[in-house]
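Only one structure is covered here, and it is reproduced in the block below.
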Amino acid sequence: MGGIYTVKTDQGEIFKCFARGKLKRNGEIYIGDTVSVVADKEGIIEDVLPRKSMLVRPYISNIEAIVIVLAPVPKPDMLLVDKLIIGATEQGVDPIICVNKADLDGAEDVLQQVVRDYEDMADIIIISTQTGQGIDTLMDKIRGRYVCLAGQSAVGKSSLVNTICGHQKMKVGDLSKKGERGKNTTRHVEIIELDDGTKIADTCGFSMLEMPLVDPTSLHRYYTDFDEFAVHCKFRSCTHSDEEVCGVKTAVEQGKLSKERYERYIRLYKDLKRRWEKRYD
Ligand SMILES: Nc1nc2c(ncn2[C@@H]2O[C@H](COP(=O)(O)OP(=O)(O)OP(=O)(O)O)[C@@H](O)[C@H]2O)c(=O)[nH]1
Ligand SMILES: [Mg+2]
Ligand SMILES: [Zn+2]
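Adding 704 to a residue's 1-based position in the sequence shown gives its number in our numbering.
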């Protein structure tokens, strides 16, 4: 925060550190980085060690799994879920989807939609930070791992941290009156360490998210649920967009693949194509 980095050493000491100019200028320090420091009273970050993973949204490194939180309110943004899953998969990070606020009407509908669209792509859990439902199941998936929470503002990420910690660790917000959006209560990323070694990074909610720029013709690789139908495409290199004989499109027409998910795929595909063609401009 404000150019000061909190670093924990192997011995468990916590240092406030500054960064060497070159690291800062290149925006090269991520939350979750393993760094080498020279520390006396205050520390200087000398170097960043190689990363196991690196996400740009949320801005975090070395995580093993990403917990994507959704809720009946605010209204789920499935395009955001698509992008988070693609970004995670690209970095070898496991996606886990948590449908929160199970105590509210509409949670079951969200769960059904999530199962329909992401069953093949992610672990799916329904939880409530208010009643405690599903929290043990989630803990079984993340225990001992380094994970981050991600998703729209006000879905309950900080509430989840508090439920897991058993006390009010993070500030919790409200839904703003107009539009039931979120108010972006969490403003910085914090990593919370539990006694059992689990590390959870609470992040700021966001709505807009640009995908990492992947070659649009390989976007379908992140849609493994398309694979069994893609064997019926005329061309092996089928992008499932404008091609005439396409097993994926047929499966969508026959209701074997989610139309909504496919339409979002096309939207991402076109978006990537536009960016890809302009990538050297
Ligand atoms: N009914 C219900 N409300 C919940 C649940 N979990 C969280 N909330 C409420 O949702 C609102 C937002 O919670 P936060 O934890 O601040 O949400 P957040 O995802 O951290 O939001 P940002 O920090 O803005 O990204 C608060 O009013 C919580 O009380 C739940 O399981 N059920
Ligand atoms: Mg929060
Ligand atoms: Zn096809």
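Ideal Cβ positions, reconstructed from N, Cα and C, are used throughout, including at glycine. Small disclaimer: the values here were computed from a predicted structure and weren't measured.
Span separating the alpha-carbon of Ala769 from that of Lys982
32 Å
Pull up the CB-CB distance for Arg847 and Thr902, whole angstroms please, since I reckon it's below 8 Å.
5 Å
Same chain, Cβ closer than 6 Å to Thr793, neighbours up to 5 away in sequence not counted
So the qualifying residues of the chain are Tyr926.
Do you know how far the Cα of Asp840 is from the Cα of Leu727?
40 Å
Which residues does DSSP pair with Lys720 in a beta bridge?
Beta-bridge analysis with DSSP links Lys720 to Thr710.
Does the segment 939-959 come within contact of the segment 798-809, defined as at least 3 CB pairs closer than 8 Å?
no
Identity of the residues DSSP links to Ser740 by a beta bridge
Asp751, per the DSSP bridge assignment.
Would you grab the beta carbon distance between Ala905 and Gly736 for me? Rounded to a whole angstrom, and I think it's under 8 Å.
Confirmed, about 7 Å.
Can you tell me whether Pro916 is helix, strand or coil according to DSSP?
coil
So is Phe930 buried or exposed if we call it buried at 16+ other beta carbons inside 10 Å?
Burial call: buried.
Following a CB-centred definition, is Asp906 positioned closer than 7 Å to any heavy atom of ligand 2?
A heavy atom of ligand 2 is found nearer than 7 Å to the CB of Asp906.
Just mark Gly747 as buried or exposed, buried being the case when its beta carbon has 16 or more other beta carbons within 10 Å.
buried
According to DSSP, what are the bridge partners of Ile770?
Pro799, Cys852
Have a look at Val876, Leu853, Asp946, Gly860 and flag the residue whose alpha-carbon is nearest the alpha-carbon of Tyr763.
Leu853
Which of helix, strand or coil DSSP assigns to Leu976
Looking at Leu976 - three-state DSSP - the assignment turns out to be helix.
Would you say the beta carbon of Thr833 comes nearer than 7 Å to a heavy atom of ligand 2?
No.
Using CA coordinates, which residue listed in Lys875, Gln856, Asp714 is at the minimum distance from Val865?
Checked all of Lys875, Gln856, Asp714; the closest Cα to Val865 is Lys875.
For review: beta carbons within less than 5 Å of any heavy atom in ligand 3
Cys937, Cys942, His944, Cys950, Val952
How many whole angstroms separate the CB atoms of Ile708 and Lys720, which I take to be in contact at a CB cut-off of 8 Å?
The Cβ separation is near 5 Å, so the contact holds.
Can you say whether Lys861 is buried or exposed, counting buried as having 16 or more other CB atoms within 10 angstroms of its CB?
buried
State the DSSP-derived secondary structure class of Met782, mapped to helix, strand or coil.
helix
Looking only at its chain, what residues have a beta carbon closer than 6 Å to the beta carbon of Leu815, apart from the 5 residues adjacent to it on each side?
Val803, Ile830
If you follow the beta strand (DSSP E) that Glu894 is part of, which residue opens it and which one closes it?
894-897
Ala905: first and last residue of the uninterrupted beta strand (DSSP E) it sits in
Run containing Ala905: 903-906, per the beta strand (DSSP E) assignment.
Check each candidate in Val949, Asp786, Ile749 and name the one with the smallest Cα separation from Leu923.
Asp786
Which residue from Lys938, Asn766, Lys745 puts its Cα closest to that of Tyr850?
If we check each option's Cα against that of Tyr850, Asn766 comes out closest.
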